[in-house]
Structure formats: C-alpha cells, structure tokens
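From first to last, the protein sequence lines are chains A and B.
With the UniProt record's numbering as the guide, the letters of the first sequence map in order to residues 1 to 156.
With the UniProt record's numbering as the guide, the letters of the second sequence map in order to residues 1 to 176.
Remarks on the structure that follows.
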Amino acid sequence: MARMIRPLLALLILLPLFALAGGIEVRQFDDPVLERRYQDLTATLRCPKCQNQAIDDSDSPIAGDMRDRVYTLLQDGRSDKEILDFMVNRFGDYVLYNPRLEGRTLLLWGLPAALVLLGALVVVLMVRARRRTSARELSAEERARLDALIKRERTE
Amino acid sequence: MTRRLLLLLPLAGFLVLGGFLYQGLSINPFERDSALMARAFPAFELTTLEDPGRVVDESLLEGQVTLVNVWGEWCPTCKQEMPQLLDLAERGVRLIGVDYKDTREKGREFLAEFGNPFEVNIFDPEGSLGFDLGVYGAPETFLVDADGVIRYHHTGYIKPADVRDVILPEVKRWHE
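Here you go:
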C-alpha cells in the first residue's frame, strides 16, 4: 500500500509546479521595486475579457497583452498612475479593481461611510432617548404605588 | 405615528437596495461602452493585408463615415458576421477591416472564402491597433465619423436584425 501511495504523493507535490509552468510567463526584473510594482499592478488590473479575474491570473490573450504592456511601460520608467491611465483610456474603468474617487464614483465610495454615520446617529439618538426616560424622577403617585408593592412583597 | 413610520425606514432601504441589485442581475457585463467613445480614432501606422508595401494611418478614416470591423481568421463569429457586413457594403456603407492577430496568408484565405466587404484591410498581426482600440476579442465594430471620431461601438456579433435596427440608423445619424 505504502509503495503505491509514495509515487502518488510525489506527483501531488509536483503538481503545482506544472500549473506554474503553464499560462503566466516568468519575467526578469533587475530592480526588486519594479518587480513589486509589476505584481501590484497586474493584481489590481482586471481582465476585460473575463468576468472576474485580475490580469495576473488569466490565460486570456488580452490579459497576456496587458501584462506585456505593464512590463514595457514599467521598463520605460512610467509611474503607476500613468500605467493605470493608459489602460483606462483603452479599456475603460472596468479594468480597475479599485475604482477611483471622482464625481461619478462618489456614491460608491460615499454610501458606506454615510450609512455608518447614519447608524451611529441612530444609536446616539436611541441611547439619549432611553437615558431621558430612565433618569426621570418618579411622581408622588408612582412612588406611593412602588412603596405599596414593596410592602406587600415583604409581608407575604 | 411618525415613530411607527420611522420603523419602516430600514425595510424601505432594504427594498431599494434589493431592487438595485436585482436589476444588476440582468445586466450583460460585456455590453459596456467603449472607453474611446467620442474620441479620435487612435493613431497607427500599419501595412494593408492586400499589399505589404502600402502603409496606412488614421488619415484613412477622415472624409467620410466609416465602419471599422475588427476580425480574424481564427474567430468563428466573424465568419457568421460576414453576410451582414456584405449587406452593409452593398447598401453603400464604407467598411474598413482590421485583420487582428492573424497571418497574412490566413487573412487572405478568409476573405477569399467568406467575401470581402472591405475597401481595405489594415493588417494588425501583433494586435497593437486592436490594443489601442480597447479590443479584447473579435469581432468588434466601430463607427467613425468624417472627422475621424469614434461615434458608436458594437461588441461582438452583428445579428442580421442589427443591420437595419442599429447599424444603419447610426450610420445615417452621423452622416449629417
């Protein structure tokens, strides 16, 4: 039994290596900072052909073309913003996984914050309202009723 | 009374959000506007499929309304689309092809087999013009006005009904 399992285990360990070999190409960088930026950019750019995949994760030809461009633009010394602008100018906002804060995305970015603020406001108002009712002094009539109830409790 | 109504506020908010998300379910994510809408056709300098010695650029698109169709021999939908494009050419629409990520040989075979509605075909073997057009598949079709500005974009297959219902009205609209 063990003799059968061992080669299987070896295959399982090697399997991820085959996955690495296919699809996404290996790129050479002289500068580790550039490499880091390449990884960040290709992880944040969305493949326009796919439904929901970053270009560093897609086998689609257009994702490959986009990775090529990111690489050459980085080698040309372009900034991250220039590279993202370059892609948005061609493929639209769709390719940004992290939408920009601008006029038309104000609702997108602002709504969650507005809802949190609204929730906080509601909580504050509720706490205040409750405190007002509980801190109120008892009227003479209520006090008398309370005393009567306590007395009855004790005598029973 | 108003307090009671206030209690309904979360429910109303939920219904609005639910309606918004429900509507999102039926949106086709491939039907989105081109980023190049109302912008000039990108600059390029490529040879034609017909003549490797002839270099053309974006000035090719100036002077009259043109339908630019991005196709490739490798693209099955493009084959289905050819009768519609031939129909459009017959109705007097000027068509220019972009042979996208293809070899010259295959591109020519394609036109010989399925017909050639194009005045000329721009040969784009690396897909560089396609990239600048934001093309992420074929077929894609752009309507360019006489000033070389992109006015309409059609992603994917042009159905026979689209010729009369969508493409011809757009051509007419930008003709004036």
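We treat Cβ as the ideally placed atom computed from N, Cα and C, and that holds for glycine.
Check                                                                                                                                      : Outcome
Q51 (chain A) beta carbon less than 8 Å from that of R139 (chain B)                                                                        : Here residue 139 (chain B) is Pro; the residue named in the question, Arg, does not match the sequence. No.
Contacts that G127 (chain B) makes with chain A (C-beta to C-beta distance below 7 Å)                                                      : D65
Proximity to D145 (chain B) [Cα-Cα], best of B:I27, B:F131, B:R91 and B:A40                                                                : B:A40
Length of the line joining the Cα atoms of residue 210 (chain B) and I96 (chain B)                                                         : Because chain B here runs from 1 to 176, residue 210 (chain B) falls outside it and cannot be looked at.
Within 8 Å of chain A by C-beta, residues of the segment 18 to 41 of chain B in sequence order                                             : P29, R32, D33, S34, A35 and L36
Terminal residues of the beta strand (DSSP E) in which D68 (chain A) lies                                                                  : Here D68 (chain A) belongs to no beta strand (DSSP E); instead the alpha helix (DSSP H) covers P61 to Q75.
Continuous alpha helix (DSSP H) stretch holding G19 (chain B): start and end                                                               : L9 to L25
Minimum Cβ-Cβ distance from A131 (chain B) to chain A less than 8 Å                                                                        : At residue 131 (chain B) the sequence reads Phe, which differs from the Ala that was named. Closer than 8 Å to some Cβ of chain A, the Cβ of F131 (chain B) qualifies, so yes.
Simplified DSSP assignment, three categories, for L111 (chain A)                                                                           : helix
Contained beta strand (DSSP E) runs [length at least 3] in the UniProt domain "Thioredoxin" (35 to 172) of chain B, N- to C-terminal order : 45 to 47, 55 to 57, 66 to 71, 94 to 100, 120 to 124, 140 to 144 and 150 to 155
R46 (chain A) - partner residues in DSSP beta bridges                                                                                      : A:A54
Limits of the alpha helix (DSSP H) - the one that F30 (chain B) falls within                                                               : Element bounds for F30 (chain B): n/a, residue is neither H nor E.
Host alpha helix (DSSP H) of T105 (chain A) (start-end)                                                                                    : Where T105 (chain A) is concerned, there is no enclosing alpha helix (DSSP H), given that its DSSP letter is neither H nor E.
Validate contact between the segment 81 to 95 of chain A and the segment 113 to 133 of chain A using beta carbons, cut 8 Å, 3 pairs        : no
Proximity of F131 (chain B) and G107 (chain B) at Cβ, strictly below 8 Å                                                                   : no
Any C-beta of chain B under 8 Å from that of V127 (chain A)                                                                                : no
8 Å Cβ cut-off: residues of chain A touching G137 (chain B)                                                                                : K49 and I62
Identity of the residues DSSP links to residue 157 (chain A) by a beta bridge                                                              : The structure shown has nothing for residue 157 (chain A), since chain A only spans 1 to 156.
Rounded C-alpha distance that separates R94 (chain B) from K159 (chain B)                                                                  : 19 Å
Counted within 10 angstroms of its Cβ, other Cβ atoms place S79 (chain A) as buried (16 or more) or exposed                                : exposed
Residue 160 (chain A) - partner residues in DSSP beta bridges                                                                              : Missing from the structure shown is residue 160 (chain A); chain A here goes from 1 to 156 and no further.
Extent of the continuous alpha helix (DSSP H) run through F86 (chain A)                                                                    : D80 to F91
Top-ranked residue by Cα proximity to L46 (chain B), from B:S128, B:P10, B:P169 and B:D33                                                  : B:S128
The segment 99 to 114 of chain B in contact with the segment 66 to 74 of chain B per 3-pair CB rule at 8 Å                                 : yes
Segment contact flag, the segment 108 to 117 of chain A with the segment 147 to 165 of chain B, C-beta cutoff 8 Å, min 3 pairs             : no
Distance CB(P48 (chain A))-CB(Y136 (chain B)) smaller than 8 Å                                                                             : yes
Residues sharing a beta bridge with L149 (chain A), DSSP                                                                                   : L149 (chain A) pairs with nothing; no bridge assigned.
Cross-chain neighbours of N98 (chain A) in chain B, by beta carbon under 9 Å                                                               : In chain order: nothing, as chain B lies at least about 17 Å away.
Contact belief for A54 (chain A) with Y97 (chain A) at Cβ below 8 Å, rounded distance in angstroms                                         : 7 Å
Inter-residue Cα distance where the pair is G22 (chain A) and D93 (chain A)                                                                : Model confidence at G22 (chain A) stands at a pLDDT of 46, short of 50, so the residue's coordinates are unreliable and nothing is read from them.
Euclidean distance between Cα positions of A46 (chain A) and E102 (chain A)                                                                : What sits at residue 46 (chain A) in the sequence shown is Arg, not Ala. Going by the C-alpha atoms only, they are around 19 Å apart.
Cβ of Y38 (chain A) within 8 Å of any chain B Cβ                                                                                           : no
Nearest to P58 (chain B) (by Cα), restricted to the options B:V68, B:R32, B:S34 and B:R173                                                 : According to the sequence displayed, residue 58 (chain B) carries Glu and not Pro. Closest option to E58 (chain B), Cα to Cα, is B:V68.
Rounded Cβ spacing between L108 (chain A) and P99 (chain A) (contact assumed at less than 8 Å)                                             : 6 Å
Proximity test, Cβ basis, 8 Å: R90 (chain A) and chain B                                                                                   : yes
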